[in-house]
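Colleague:
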Amino acid sequence: MKSYKSKKVKIAVSFLAVMLIACMLTISMTGCNSNEIGVTPIDVFFVGNMQQNVADTSDLMKEGTELVSVNDMLTTEGWTLEANTYDVIAGIYALAVTNYNNVNRSAYMVMTDASVNAFKCSRLGNKDVNVGIRSTYSAFMGENGSFSQTISGVTILDGLGGFVSNLRDNFGWNTQTFNNDKFEISKKGFNAGAQFYGEGNNSNNATKYIMGAGNPKLDKASKFTGSVKSNNSSDEDEDVPERDYAWSQLLPIEGDPLTVAGTSYNTGTYGAGWATSNYSVAEYFDTNKTKIDYIAELNLYVLDITILSEYVDEACEFTKGGLVKDTKDYIELNNAKYTESTARIEVYGSGLIKSMQKIDTLESNETCKLSVAGGMFGSCDEGGKASNRITMAFGYDKDDCDALKYVALYWPELATETPFKKTEKGTLKNVSPLNLSNYTTFSNYKPKANELVSKFNPLFSLNWADYALNNEE
395 MKSYKSKKVK
405 IAVSFLAVML
415 IACMLTISMT
425 GCNSNEIGVT
435 PIDVFFVGNM
445 QQNVADTSDL
455 MKEGTELVSV
465 NDMLTTEGWT
475 LEANTYDVIA
485 GIYALAVTNY
495 NNVNRSAYMV
505 MTDASVNAFK
515 CSRLGNKDVN
525 VGIRSTYSAF
535 MGENGSFSQT
545 ISGVTILDGL
555 GGFVSNLRDN
565 FGWNTQTFNN
575 DKFEISKKGF
585 NAGAQFYGEG
595 NNSNNATKYI
605 MGAGNPKLDK
615 ASKFTGSVKS
625 NNSSDEDEDV
635 PERDYAWSQL
645 LPIEGDPLTV
655 AGTSYNTGTY
665 GAGWATSNYS
675 VAEYFDTNKT
685 KIDYIAELNL
695 YVLDITILSE
705 YVDEACEFTK
715 GGLVKDTKDY
725 IELNNAKYTE
735 STARIEVYGS
745 GLIKSMQKID
755 TLESNETCKL
765 SVAGGMFGSC
775 DEGGKASNRI
785 TMAFGYDKDD
795 CDALKYVALY
805 WPELATETPF
815 KKTEKGTLKN
825 VSPLNLSNYT
835 TFSNYKPKAN
845 ELVSKFNPLF
855 SLNWADYALN
865 NEE
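Heads up: the sequence shown is residues 395 to 867, going by the working numbering.
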């Protein structure tokens, strides 16, 4: 049997995208107005050729790898959708992870709507606390390097009192990073109230920004860091355990152990940064809620997956660990349990992943400690919960994966010497500015959503107000 290796992609997918407490304090008072946080249109996940299938894959794969199709899997195993439904679903997910790690270019975007609730908090008069954060993370990787961006902002903040509003102007976490084979440079905004352009007042701007998220202050007040790569440095990704086939059950890559409130949690992935849940085991599925559809027009498989309650902590242990890790500086969930794990995943017949949507919810009915920006607010006697709704979009088009395209749009200053001289201790002062002369500028950029947007079936609403309503106790 042929052995397939998959590579671990260097994407730091955080389920809240950044530390929750930094995010919670990013947005100014004006940032909470309806004209600042709009309903994000689904169009932002279909700009350019995002989510399109790849007609010509001759130059898509890394040397020594091959793109394995769903039909290859079905033929080899003798499976059919009707007779082997759940084996096929598990195999397609594993296949998509393997193929994604073997491509030499990719565009990846993830938007997370997170809600954290704490119940009956003692120092707040036994009030409930509800915090919502919208975060976007993107990475575009190809022959011209990699460009990534993280932007986060508050959507809901109830129950903490007016003093928190006074603190929100002083914290933030918005970053942009570019790297190629010669150097890496990053900028981080210290006051980063994200502006989410969406339906309504700012609808015309939504697709001009990655996932409709912008931060006007990031360019005006940033801290720059950077490093020059040596001739011996390598971006080669770490090998993951070998498997018999590209669709064989995924194997865990353990991360750092995590202990919160006396409870031990595991972190890690199943071969790709976005693959923190193991949907490659058919026995985990709730067969009453798990199904597969095939859209012949698009040669697209749509997987709807719900994990059985008795297997969810095993199947999603890394997802749980990541969610607890990203919320521990706000609420320490003690002995958290899953109450929901649902996913909708689209994979082309070629074996390339198109999109993934997920809902994960953890709850604890044990006393939880609540803190904000290092200040303790006592115990929440009836525990709390953390929930994520995640939308991921993938693309493989050369233009969509060109890092310099995004630099020209969102960080054109890299065509000058200024940012390189601003790095700590002048680390990059001798680096040559980038040549962006062949790329469109932001003022001339007129992006449009492609035709696939009309055929997308959302798992949930992107309206943050709907999200808040659905999470009320």
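Beta carbons: idealized from backbone N, C-alpha and C, even for Gly.
As the structure is a computational prediction, the values presented were derived from the model and not from experiment.
Among 526, 732, 579 and 500, which residue has its Cα nearest to the Cα of residue 812?
Modeller: As a working note, residue 812 is residue 418 in the sequence shown. Out of 526, 732, 579 and 500, 579 has the C-alpha closest to the C-alpha of residue 812.
Colleague: Any chance you could list the alpha helix (DSSP H) runs of at least 4 consecutive residues sitting entirely within the segment 459-542, in chain order?
Modeller: 464-471 and 479-496
Colleague: What's the call for residue 525, buried or exposed, on a 16-neighbour Cβ count within 10 Å?
Modeller: The sequence position of residue 525 within the sequence shown is 131, counting from 1. Counting every other CB atom within 10 Å of its CB across the protein chains shown gives residue 525 a total of 16 or more, marking it as buried.
Colleague: Out of curiosity, what's the CA-to-CA distance linking residue 820 and residue 826?
Modeller: Translated into positions along the sequence shown, residue 820 becomes position 426. Translated into positions along the sequence shown, residue 826 becomes position 432. Taking the straight line from one Cα to the other gives about 13 Å.
Colleague: If you compare alpha carbons, which of 654, 644 and 798 is closest to residue 723?
Modeller: Start at 1 with the first residue of the sequence shown, and residue 723 comes out as number 329. Of the listed residues, the one whose Cα sits closest to residue 723 is 654.
Colleague: Contact check, residue 758 vs residue 728 under 8 Å by CB: the rounded distance?
Modeller: As a first step, residue 758 must be located in the sequence shown, where it is residue number 364. As a first step, residue 728 must be located in the sequence shown, where it is residue number 334. Right, the Cβ-Cβ distance comes to about 5 Å (below 8 Å), so this counts as a contact.
Colleague: Does the distance from the C-beta atom of residue 699 to that of residue 494 stay below 8 Å?
Modeller: What you label residue 699 is simply residue 305 of the sequence shown in a count that begins at 1. What you label residue 494 is simply residue 100 of the sequence shown in a count that begins at 1. Against a cut-off of 8 Å, the Cβ pair of residue 494 and residue 699 comes out as no contact.
Colleague: With distance defined between alpha-carbon atoms, name the residue in 688, 671, 675 and 444 nearest to residue 735.
Modeller: As a position in the sequence shown, residue 735 is number 341, starting the count at 1. For the residues 688, 671, 675 and 444, the minimum Cα distance to residue 735 belongs to 671.
Colleague: From the DSSP output, in three-state form, read off residue 734 for me.
Modeller: Against the sequence shown, residue 734 aligns to sequence position 340. Here residue 734 sits in strand by DSSP.
Colleague: Should the segment 643-653 be called in touch with the segment 836-854, which here means at least 3 C-beta pairs below 8 Å?
Modeller: no
Colleague: Please determine if the segment 777-797 and the segment 498-516 are in contact, where contact requires at least 3 C-beta pairs separated by less than 8 Å.
Modeller: yes
Colleague: Starting from the Cα of residue 868, find the closest Cα among 530, 612, 441 and 592 and give me that residue.
Modeller: Look at the range of the chain in this structure, 395 to 867, and you will see that residue 868 is not part of it.
Colleague: Quick check on the DSSP output: what are the complete alpha helix (DSSP H) runs of length 4 or more inside the segment 681-738, in order along the chain?
Modeller: 706-709 and 711-721
Colleague: Is the Cβ-Cβ distance between residue 608 and residue 796 less than 8 Å?
Modeller: Position 214 of the sequence shown, counting from 1, holds the residue named residue 608. Position 402 of the sequence shown, counting from 1, holds the residue named residue 796. For residue 608 and residue 796, no; Cβs fall outside 8 Å.
Colleague: Helix, strand or coil for residue 654 per DSSP?
Modeller: Taking the first residue of the sequence shown as 1, we reach residue 654 at position 260. If DSSP states are grouped into helix, strand and coil, residue 654 belongs with the strands.
Colleague: With DSSP as the reference, label residue 578 as helix, strand or coil.
Modeller: Here the question's residue 578 lines up with position 184 in the sequence shown. Under the three-state reduction of DSSP, residue 578 is assigned to strand.
Colleague: My assumption, with CB atoms under 8 Å, is that residue 869 sits in contact with residue 541. Please give the rounded CB distance.
Modeller: Missing from the structure shown is residue 869; the chain here goes from 395 to 867 and no further.
Colleague: Only counting the same chain, and skipping five residues up and downstream in sequence, which positions put a Cβ closer than 6 Å to that of residue 752?
Modeller: As a first step, residue 752 is located in the sequence shown; it is residue number 358 there, counting from the start. The answer, listed in chain order, is 737 and 784.
Colleague: Output the distance between the C-alpha atoms of residue 547 and residue 506, rounded to the nearest integer angstrom.
Modeller: Within the sequence shown, residue 547 is the residue found at index 153, counting from 1. Within the sequence shown, residue 506 is the residue found at index 112, counting from 1. When rounded, the distance between both Cα atoms is 11 Å.
Colleague: According to DSSP, is residue 605 helix, strand or coil?
Modeller: Position 211 of the sequence shown, counted from the start, is the residue given in the question as residue 605. Here residue 605 sits in helix by DSSP.
Colleague: Could you give the distance in angstroms between the alpha-carbon of residue 742 and the alpha-carbon of residue 856?
Modeller: Taking the sequence shown and counting its residues from 1, one reaches residue 742 at position 348. Taking the sequence shown and counting its residues from 1, one reaches residue 856 at position 462. Rounded to the nearest angstrom, the two C-alpha atoms are 24 Å apart.
Colleague: CA-CA distance, residue 433 and residue 592?
Modeller: Position 39 of the sequence shown holds residue 433. Position 198 of the sequence shown holds residue 592. Between residue 433 and residue 592, the alpha-carbon positions lie close to 5 Å from each other.
Colleague: Alpha carbon to alpha carbon, how far is residue 682 from residue 480?
Modeller: In the sequence shown, the residue the question calls residue 682 occupies position 288. In the sequence shown, the residue the question calls residue 480 occupies position 86. Near 11 Å, if we compare the C-alpha coordinates of residue 480 and residue 682.
Colleague: Since residue 803 is in the alpha helix (DSSP H), which residue starts that stretch and which ends it?
Modeller: If you number the sequence shown from 1, residue 803 lands on position 409. First-last of the alpha helix (DSSP H) with residue 803: 797-804.
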